[in-house]
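All remarks here apply to the structure that follows.
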């Protein structure tokens, strides 16, 4: 059940004989990985913060995006960069449909009911993926421009990781801009803070949530597509990474954008560093981190008070 | 005489907001003390500081001269401090007597018993009935809490607190939400509270305040503006200026 | 719910419950060729009972209860593998080990909200799975422990190939633990669990040290789960790391919901329905099983409030009302 890092053992994305080089490489890898986790998890944070809805099926949207991307590239010869927005769109549409048909009825139900619903959906999505695509890992052929390495500041950096970081930063900046500079963003923040008062002020919380939820699912799909090379993609993806997404949201909190971002980056770096430097126990680093963080800050990393 | 409840310089601030500032109270045993003040004056914060739900930024709380400031809410209940909630905070799926029984069992140390069936705890059941009788709720003892009228639910709130056998009882706006027609039962309940229990109540309803309070503290913007007997407070021009309700 | 003030009711063991256990006891004659399967049902039922304690009665959302099941299974299995094949002491050791693990992990679980509890319990389950995977030299990994040999139960009953001793053993242990849990949920402590599930804030204001009590019930639940795991190891004489798997944690949740949570017998009923369904449908493609399981889960949560037992209660209530109504018919 452990993800193999990029399909093989942990190898730093930077080559160089010095310790600094491997440290930089691990850091770089970890940040890229963390960025992916953030992109996928931010939708879950919105769902929980806005509607108090525990969506354990969130990983399934990531999986949908990943498989669509792989399918588009393999079957219909769509170039990678064009397949990415398609992954976003497909996952967003799926999210919209699911929200209207099913999720909507569960906002006032207990968390247990929500867990049961979303686990049921997860099982169905895993079974469907196994049936349609088989149980093996999917592999993408990355475009030439994004594979290989390039040299910066005397260190060889993996091009794809660089791409991931860049895309992640751009999207994070865009999200921040939307949240803080647009009316829609203000509506989202108001609704997260106090849905009833927001509704009373004329903000249509239901509509705001629909859009935010669809966007969150779309981002998850995009993250899934981007992550095929790094996180791997097989039918059990939603379950395999569920703990990671939950961790990001539980530790990062649901009331800010920064919280899950820091949590995801921290998680990514810790996981990669652990697996590289102490491979025997590396996989357990995240669990230890989670325990420590929960003891020290039970309300999350970044809390608004 | 040792005060049953005392605070010294109690204060709470959230970042830049000072919710409660330098509140010093001293209540004698059996006192009936009211805290009034405009909305946002910090009354609920004060109650949360007294019960231990919020840790104070400064100051201390003493129960019978025991410093209880570092204690958790449930520990303070064991030392004799019970509270009611401004908005009914009950167990909707239990009956009235089952709810009160929960409180009684913990108060008597029976709640950790994993073996005896509840229905054989006759002493505790009788004690619960006793509390209900005091509040004239005994006829409704087998009704589900969710089916009671709001006024009766308010009485269950008080019953739960009384079942903890408190020495100090904090009533957080006991009349809140009770329609005028149902307030008689509430008055009767408050009048019937045991004499040795110290009662501190936060209220907006001036009927209740002037009917039951022996002393009144006025809380404005988190600080005590003035304190005194009801007649003095009613005449005080400062209080009239800041806040006084519908007292004719 | 018991009407308070009627002491005679608690002492009675209602006839329906008696019939239930008598039928199970008659299993030696009713299903002599399927004793192994029936044993599995009982083990799953005991596991689900332990899960009911924390989910149905105390309201703790957990997706990692298999951690304690697995710990119990491996404790008993490893003891037997290393020569200590006495069943009852192995059972006891497994229970203690699981209880200790439950106690140590409970501190993280009782203080959080639903999301934190889900995350922590899932992580604990995965952690133990991974640990067991890494230590495959000890645990046997996916292939499992070999060489488990059990000594005769009580010195007299050998574990035979027909599974008679195993079935009797499972039945006896399940029955005894069931009686204990039954007393627990009808005691003041058991009632307080419901209060803590429905309104923990009010319970604190009544003087209940809520986290402490939840730690206690969590540890007890872990112990029972561990004993269920040990039964599995001892009666099948096999343990592999999938006792720790997330699927097992999710399955026990499904079983409990199917049967009905918070009503004591729900776990047993749900375990029976689930295990039998799985046994007879597993010949189909496992992908189909997972798909329809997911769909069934969604259907339950949409339409089936209270699971099988909840439906039974509703049906019996409707039936009683029908019987009282003839006067109303013109």
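Residue numbers (my numbering), protein chains in the order written: chain A, 97 to 401; chain B, 3 to 250; chain C, 236 to 565. Quick reminder that beta carbons are idealized off the backbone N, C-alpha and C, glycines included.
Under the rule that 16 or more other beta-carbon atoms within 10 Å means buried, what is residue i, buried or exposed?
i              : result
residue 100(B) : buried
residue 103(A) : Any reading at residue 103(A) is ruled out, since the residue's pLDDT is 29, under 50, leaving its predicted position unreliable.
residue 275(C) : buried
residue 110(A) : Annotation note: pLDDT 47 at residue 110(A) (below 50); position unreliable, no value reported.
residue 45(B)  : buried
residue 538(C) : exposed
residue 553(C) : exposed
residue 336(A) : buried
residue 523(C) : exposed
residue 371(A) : buried
residue 464(C) : buried
residue 287(C) : buried
residue 521(C) : exposed
residue 447(C) : exposed
residue 415(C) : exposed
residue 115(A) : exposed
Can you check DSSP and say which residues form a bridge with residue i?
i              : result
residue 434(C) : DSSP lists no partner for residue 434(C).
residue 146(B) : 97(B)
residue 219(B) : 37(B), 229(B)
residue 170(B) : 83(B), 200(B)
residue 556(C) : According to DSSP, which records beta bridges pairwise, residue 556(C) is partnered with nothing at all.
residue 16(B)  : 19(B)
residue 90(B)  : Answer is none; residue 90(B) lacks a bridge partner.
Assign residue i to one of three DSSP states: helix, strand, or coil.
i              : result
residue 408(C) : helix
residue 278(A) : coil
residue 95(B)  : coil
residue 226(A) : helix
residue 8(B)   : strand
residue 547(C) : helix
residue 349(C) : helix
residue 161(B) : helix
residue 25(B)  : strand
residue 252(A) : strand
residue 108(A) : Residue placement at residue 108(A) is flagged as unreliable, the pLDDT there being 48, under the threshold of 50; a coordinate-derived value is accordingly withheld.
residue 403(A) : With chain A covering only 97 through 401, there is no way to say anything about residue 403(A).
residue 395(C) : coil
residue 110(B) : coil
Can you give the Cα-Cα distance for residue i and residue j, rounded to whole angstroms?
i              : j              : result
residue 212(A) : residue 278(C) : 23 Å
residue 514(C) : residue 296(C) : 27 Å
residue 273(C) : residue 503(C) : 11 Å
residue 354(A) : residue 314(A) : 19 Å
residue 79(B)  : residue 496(C) : 32 Å
residue 382(A) : residue 363(A) : 7 Å
residue 466(C) : residue 308(C) : 7 Å
residue 324(A) : residue 163(A) : 9 Å
residue 173(A) : residue 253(A) : 28 Å
residue 340(A) : residue 221(A) : 19 Å
residue 206(A) : residue 408(C) : 34 Å
residue 130(B) : residue 165(B) : 7 Å
residue 316(C) : residue 506(C) : 29 Å
residue 240(A) : residue 176(A) : 10 Å
residue 246(A) : residue 259(A) : 11 Å
residue 342(A) : residue 365(A) : 17 Å
For the alpha helix (DSSP H) holding residue i, just list the boundary residues, first then last.
i              : result
residue 49(B)  : 45–53
residue 246(A) : No alpha helix (DSSP H) contains residue 246(A), which is instead part of the beta strand (DSSP E) from 245–248.
residue 303(C) : 301–316
residue 275(C) : 270–287
residue 260(C) : 250–260
residue 177(A) : 176–197
residue 165(A) : 154–171
residue 209(B) : 208–214
residue 292(A) : 291–296
May I ask which residues mark the beginning and end of the beta strand (DSSP E) holding residue i?
i              : result
residue 201(B) : 200–204
residue 61(B)  : 60–65
Are any of the Cβ atoms in chain D nearer than 8 Å to that of residue i?
i              : result
residue 282(C) : This model lacks chain D altogether, as its protein chains are A, B and C.
Is residue i close to the ligand SAM? I mean its beta-carbon at under 7 Å from any heavy atom of the ligand.
i              : result
residue 129(B) : With respect to small molecules bound, the structure shown includes none, and the ligand SAM cannot be examined in it.
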